[in-house]
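A quick write-up on the structure given underneath.
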Amino acid sequence: MPAKAQRIRRSPEAAREEIIDATESALNDMSFGELTVDLIMQRTDMTRSSFYHYFSGLDELVLGFLDRVEKEIHGAVDELLDGDGTEDYRGATQRHLTDMFVLTEKHYTAFRALAQASNKNQIVQEQWRARLIDNFSHMTAAFIRRQCALGRSRVTDPDRLARALNLLNNALMNDNIQRAEPDDPIEVGQVSAEIWNKMIFDN
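Just so we're aligned, residue -15 is where the sequence shown starts under the numbering used here, counting upward by one.
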């Protein structure tokens, strides 16, 4: 009698991450519109029903990408936005923003799926705006106020400038991931940083 295959035990967090990893892998071979639950789960050793234990559907799965992307963006820019910065505050802005744009290359398929899903699903669109635009705009406004207090900036409306700068970054990201041949993310990050430095410190 053949031995029964041993079931792999995973924590709920590990299983959820494995499904997200499988989805990101699948999106290297197909568009988000071609994706199905069966195609995703074929890349794991879990059952189709396991998918619905963790996600209600593909749009909720895409929010799993948002969790991952948001966490990594925080890792790239929080040191800049949360602190007073070093004396080389212009260089710090360039380093951190460039790191953020490099993430778009690392998670190219995830960003592209998020962009496609946000065009069709209101919940994904609202979460994208709240977490990647509104939240970072609030952090950026606080950063600008600290630069004003340190005498480095004379911005008179930190909230509106912060929103404009984050909308700029969002537009640059979305434009680049939709290109057949994306620009070098380091160069995109450097352009973004030049604009940030000009608008925050040279006024």
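Just so you know, even glycine gets a beta-carbon here, dropped at the ideal spot from N, CA and C.
In terms of Cβ geometry, Ala6 and Thr28 form a close pair [threshold 8 Å]. In the DSSP annotation of this structure, the continuous segment of the alpha helix (DSSP H) that includes Met157 starts and ends at Pro142 to Gln162. Counting other Cβ atoms within 10 Å of its Cβ, Thr124 reaches 16 or more and is therefore classed as buried. When DSSP states are grouped into helix, strand and coil, Pro166 belongs to the coil group. Shown here for Arg136: same chain residues with a beta carbon closer than 7 Å to its own, the five before and five after excluded, namely Tyr73 and Phe185 in chain order. Between Phe127 and Asn150, the CB-CB gap reaches or exceeds 8 Å.
In this structure, the beta-carbon distance from Ser34 to Ala(-1) falls below 8 Å.
By the Cβ neighbour-count rule, Thr77 is buried, with 16 or more other Cβ atoms within 10 Å of its own.
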